[in-house]
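Reading through the structure tokens given below for one structure.
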Amino acid sequence: MKNEQLPVRRPRVDRELRRKEIESAARIVFCERGFEASMAEIAVCAGVAEGTLYTYFESKKDLLIKVLENWYSAILHEFEEQLEAISGSRRKVYYIIWRHLKSLKDDAALARLMYFEVRHSNDYFGSAIYELNRKYTNVLVEVCEEGIKQGELRANIPVKYLRDLVFGGIDHLVSGYLYNNKDVNIGVAAESIVSLIFDGIAQGDSDMSSLGDCVRRLEAVTGQIEGAASGKKGKGFTVIGD
Numbered sequence: 109m110k111n112e113q114l115p116v117r118r119p120r121v122d123r124e125l126r127r128k129e130i131e132s133a134a135r136i137v138f139c140e141r142g143f144e145a146s147m148a149e150i151a152v153c154a155g156v157a158e159g160t161l162y163t164y165f166e167s168k169k170d171l172l173i174k175v176l177e178n179w180y181s182a183i184l185h186e187f188e189e190q191l192e193a194i195s196g197s198r199r200k201v202y203y204i205i206w207r208h209l210k211s212l213k214d215d216a217a218l219a220r221l222m223y224f225e226v227r228h229s230n231d232y233f234g235s236a237i238y239e240l241n242r243k244y245t246n247v248l249v250e251v252c253e254e255g256i257k258q259g260e261l262r263a264n265i266p267v268k269y270l271r272d273l274v275f276g277g278i279d280h281l282v283s284g285y286l287y288n289n290k291d292v293n294i295g296v297a298a299e300s301i302v303s304l305i306f307d308g309i310a311q312g313d314s315d316m317s318s319l320g321d322c323v324r325r326l327e328a329v330t331g332q333i334e335g336a337a338s339g340k341k342g343k344g345f346t347v348i349g350d
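For the sequence shown, the numbering used here gives the first residue as 109, with consecutive numbering after it.
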């Protein structure tokens, strides 16, 4: 009687390790193909059967959101580490804006997925990724509140409105880059935004003697930001990203 060979079994992979492998593969495929990528393509990249994906994630959208959550979490972790070593509100605000712009530029494919596939969906508000985004943007709120306590910023600054203005402005600034792959000088853009903020909220006497001066300063800084986004010197007050 011939000895029959038993089939060789692949070693069982730890479930958490398998999940991380799937998430890494999904990030690669989503960045290459966008949301048009199929679960079958992700499975091939991860080296698993397509059905295996559904034992970890309910849908392709669920998997995408997890990839984006990992992206946000990594930047948040870096915020916490780097901000501890930075002194002064202005430097901290600059770092937050610069790092946010850098993440959007370096990971433009993920940023597009976040902007166009997730943030505009009906179930975004109240979702886990929405709460993570709030935590992410509230880093700026915490830095400004610290600046108020230290006497570096005026006590009457509505910091949550400031947060919305900063991140809303950045969204508008980078829209041209995300839609049309226009280059953005993130150092120039970050410094321009910081200059606009601190010229308006820094502690001390204001050097703007009239509303006309204020308007001219806003026009000048907006022109600088537009120039950073288009690679040209900006002139006048125009809508960035058009």
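We put the beta carbon where it would ideally sit given N, CA and C, even for glycine.
Taking only three categories from DSSP, how would you classify residue i?
{"i": "residue 128", "result": "helix"}
{"i": "residue 290", "result": "coil"}
{"i": "residue 133", "result": "helix"}
{"i": "residue 145", "result": "coil"}
{"i": "residue 272", "result": "helix"}
{"i": "residue 122", "result": "coil"}
{"i": "residue 244", "result": "helix"}
With 16 as the cutoff for other CB atoms within 10 Å, does residue i come out buried or exposed?
{"i": "residue 187", "result": "buried"}
{"i": "residue 243", "result": "exposed"}
{"i": "residue 317", "result": "With a pLDDT of 46 at residue 317, under the threshold of 50, the predicted position of this residue should be treated as unreliable, and no value is reported."}
{"i": "residue 165", "result": "buried"}
{"i": "residue 157", "result": "exposed"}
{"i": "residue 145", "result": "buried"}
{"i": "residue 159", "result": "exposed"}
{"i": "residue 233", "result": "exposed"}
{"i": "residue 229", "result": "exposed"}
{"i": "residue 124", "result": "exposed"}
{"i": "residue 193", "result": "exposed"}
{"i": "residue 134", "result": "buried"}
{"i": "residue 182", "result": "exposed"}
{"i": "residue 219", "result": "buried"}
{"i": "residue 174", "result": "buried"}
{"i": "residue 128", "result": "exposed"}
{"i": "residue 154", "result": "buried"}
When DSSP builds the beta bridges, which residues end up paired with residue i?
{"i": "residue 281", "result": "Its beta-bridge partners do not exist; DSSP assigns none."}
Please look up how many angstroms separate the CB atoms of residue i and residue j, rounded, as I've assumed it's under 8 Å.
{"i": "residue 282", "j": "residue 212", "result": "5 Å"}
{"i": "residue 180", "j": "residue 241", "result": "7 Å"}
{"i": "residue 209", "j": "residue 298", "result": "6 Å"}
{"i": "residue 351", "j": "residue 296", "result": "Because residue 351 is not part of the residues shown, which for the chain are 109 to 350, the question remains open."}
{"i": "residue 300", "j": "residue 255", "result": "At roughly 19 Å, the Cβ-Cβ gap does not stay under 8 Å, so residue 300 and residue 255 are not in contact."}
{"i": "residue 278", "j": "residue 205", "result": "7 Å"}
{"i": "residue 143", "j": "residue 239", "result": "Not confirmed; about 22 Å, so no contact."}
{"i": "residue 302", "j": "residue 202", "result": "5 Å"}
{"i": "residue 172", "j": "residue 221", "result": "6 Å"}
{"i": "residue 200", "j": "residue 137", "result": "Their Cβ separation, rounded to whole angstroms, is 36 Å, which puts residue 200 and residue 137 out of contact at 8 Å."}
{"i": "residue 147", "j": "residue 169", "result": "About 11 Å; that fails the 8 Å criterion."}
Taking 8 Å as the cut-off, is the beta-carbon of residue i closer than that to any non-hydrogen atom of the ligand GTP?
{"i": "residue 247", "result": "Of the ligands one can find in the structure shown there are none, so the ligand GTP has no counterpart to examine."}
request  = Report the residue ranges of all beta strand (DSSP E) runs contained in full by the region 147-235; include only those spanning at least 3 residues, in chain order.
outcome  = As for any beta strand (DSSP E) of minimum length 3 sitting wholly inside the region 147-235, there is none.
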